[in-house]
């Protein structure tokens, strides 16, 4: 694999600047149309150089010398190609990307993206007897989004989706497949030291924490939102065409063994925000009484209270430091809502396939990656890669400035990636589910789609010692009942912390968890310990989910009813709740070996088959059962070498085993 050389250490990046209205970055045809295969900017520079040469030939004295020097400079800027791009493109990037002065910043969950695409809007289109369609309009085209679900181990039907470009009666501008993955923090991110080492030792594959896949269908040349008729019988033809294309795409995905659903307006907004690493917007006013504002995070978390005895309920943790407002772009990246993106363009398809490329991206020491493959014709396609980090220092080793270590560049990897220095805002837009592309398309056969691998938080291993991921991260709140012994529960909580979660523990014995905080070396702002009760923390996000642990010493205790997006509520019981109804209030339960009466109650609450009922009383002592509706899975939760010195005092647990 060949990539551009990393920026030298003494080459400081240009000062960040507001990105402003960058509609010209997304490839508008009337602005970047080539003439006979030569970009218009380069052609004009050649013409200017020729005119100066002619002036030098006709002139004399100082005029001739000045004209020759200017012609030579223009010729060098057009011909010299450092860092895979012509010098004129690199030098012109700061001027081309300079923010334009404007009024107030946009508001809402997509505010940073609206600074790049001022006309970006998400509309709700309804039809008679039909589901709601979230129609995205970016100023010149309509886009609908389809979420791809399930299908682990199967290959995504990229070529089948390309056939939608020739759908009868629907002229799609592009079809885009976007695979977005979130990985655990490395040493340069919020979790460092012991946390990062422990999760690397546990996740030996490695597997991503979360993998989201979307298909974007882009219909260009359609009427804008100002031409929309009122909802009823007069649904615009553009939206009818989008509905038809979306239905055909769902059929292609279902035939390939995947689940697929068309996103409505709210889901499309959330998908765009999550793909860009934007935080959710909490409901209601902020604690100061002002209007609702985004809940940001940065590489260095907000200085909230950490621990423990003097903070009953942990009310102080609700205060957050405001993140950087707006979008700023430098030559080497673009920053939005506290996260930094660096983008690449695939120059050569290579022979290893897209599945191997996704595996390579999972190994990078960054927080999130995105692979976007955009099809614009039967043999015309582009591919872009984006890596995301939340570290504030762009020069920190392992961050997005040099995300490809030397041992991953070699080893038979054949991709040729060009870093889009000076064009990362365009690269960011091309790696969102909008159907956009950047650069010239590759004129070759469309490759086979990547295989959808398993993803999840690695809480333990299988019988053979391989990582066993658990799908815990999702937009909807997840309620988890934990019946395992205290030391094992603390180890599970620590592993959620190493996976990048922000953990809030509400316990009647906070000093026990404070020891875990001290021995683990975790950032105190990411492991907050307090007494029982108190308000639920603000919502999280894919890059920073929120875990709330409520410890109950008695048999009573219910899951939190007010959990928000990207939050996991853990109810740690020292005594199992009585009755199937009390046990069935959770989305999943982690249980050790149980006595037959309690095993029967769990089987009744979650509809477990007979063989699972026989397994629960016979589990090995170091095994943990993950119970969900209709299924039981066995995990082995054993400390890895980096976890063996953690101080987790044991507490008595009685589950009738």
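In the UniProt record's numbering, the protein residues as written are 1 to 657. All residues carry an ideal CB built from backbone N, CA and C; glycine is no exception.
Check: Residues near residue 41 by beta carbon distance below 6 Å, same chain, minus five either side; Outcome: none
Check: Counterpart residues of residue 469 in DSSP-defined beta bridges; Outcome: 458
Check: Paired residues, beta bridge with residue 216 - DSSP; Outcome: 145, 176
Check: Buried/exposed call for residue 73, threshold 16 Cβ in 10 Å; Outcome: exposed
Check: Stretch pair the region 353–365 + the region 168–186: three plus CB contacts closer than 8 Å; Outcome: yes
Check: Close beta carbons around residue 567, own chain, < 8 Å, minus the five adjacent residues each side; Outcome: 477, 478, 536, 537, 539, 540, 545, 546, 547, 548
Check: 8 Å CB neighbourhood of residue 659 in its chain, flanking five on each side removed; Outcome: Since the first and last residues shown for the chain are 1 and 657, residue 659 lies out of range.
Check: Whole-angstrom distance between residue 259 and residue 151, CA atom to CA atom; Outcome: 7 Å
Check: Residues of its chain near residue 634, where Cβ-Cβ distance is below 8 Å and the 5 sequence neighbours each way are ignored; Outcome: 462, 463, 615, 619, 623, 624, 625, 626
Check: Among 239, 138, 378, nearest to residue 434 - alpha-carbon criterion; Outcome: 138
Check: Residues near residue 149 in its chain [Cβ-Cβ closer than 6 Å; skip 5 each side]; Outcome: 259
Check: Sub-9 Å separation of residue 383 and residue 346 beta-carbons; Outcome: yes
Check: Separation of residue 529 from residue 169, as counted between CA atoms; Outcome: 60 Å
Check: Integer Cβ distance of residue 218 from residue 278, believed to fall under 8 Å; Outcome: Actually they are not in contact, since the Cβ atoms of residue 218 and residue 278 sit about 21 Å apart, beyond 8 Å.
Check: Residue burial classification, residue 645 (beta-carbon count within 10 angstroms, cutoff 16); Outcome: exposed
Check: Those residues which DSSP pairs with residue 634 across a bridge; Outcome: 625
Check: Whole-angstrom C-beta distance between residue 475 and residue 565, which should lie under 8 Å; Outcome: 5 Å
Check: Range of the contiguous alpha helix (DSSP H) that encloses residue 67; Outcome: 62–79
Check: Integer Cβ distance of residue 495 from residue 459, believed to fall under 8 Å; Outcome: 6 Å
Check: Beta-carbon proximity list for residue 250, same chain, < 8 Å, skipping 5 on both sides; Outcome: 146, 260, 261, 262
Check: Separation of residue 365 from residue 403, as counted between CA atoms; Outcome: Only weak support is given to the placement of residue 403: the predicted model assigns it a pLDDT of 49, under 50, and the question is left unresolved by the model.
Check: Residues bridged to residue 386 (per DSSP); Outcome: 343, 370
Check: Top-ranked residue by Cα proximity to residue 241, from 424, 381, 144; Outcome: 144
Check: Those residues which DSSP pairs with residue 381 across a bridge; Outcome: 375, 442
Check: Distance CB(residue 109)-CB(residue 270) smaller than 9 Å; Outcome: yes
Check: Distance CB(residue 481)-CB(residue 585) smaller than 9 Å; Outcome: yes
Check: Residue 135 - partner residues in DSSP beta bridges; Outcome: 123, 144
Check: The region 371–383 touching the region 441–451, judged by at least three CB pairs closer than 8 Å; Outcome: yes
Check: Where the beta strand (DSSP E) through residue 585 begins and ends; Outcome: Per DSSP, residue 585 belongs to no beta strand (DSSP E) and is neither H nor E.
Check: Per-residue DSSP class, three states only, for residue 422; Outcome: coil
Check: Coarse secondary structure for residue 431, derived from DSSP in three states; Outcome: coil
Check: Beta-bridge pairing of residue 164 - partner residues as DSSP gives them; Outcome: For residue 164, which the question treats as bridged, DSSP gives no partner whatsoever.
Check: Per-residue DSSP class, three states only, for residue 401; Outcome: Because residue 401 carries a pLDDT of 46, less than 50, the predicted location of this residue cannot be relied on, and the following value inherits that uncertainty. Looking at residue 401 - three-state DSSP - the assignment turns out to be coil, as it is neither helix nor strand.
Check: Assumed close pair residue 336, residue 342 - CB separation to whole angstroms, cut-off 8 Å; Outcome: Not confirmed; about 12 Å, so no contact.
Check: Residue 313 versus residue 510 - alpha carbon distance; Outcome: With a pLDDT of 33 at residue 313, under the threshold of 50, the modelled position of that residue is not reliable, and the figure given next carries that caveat. Their Cα atoms are separated by approximately 11 Å.
Check: Three-way DSSP call (helix, strand, coil) for residue 552 in this model; Outcome: strand
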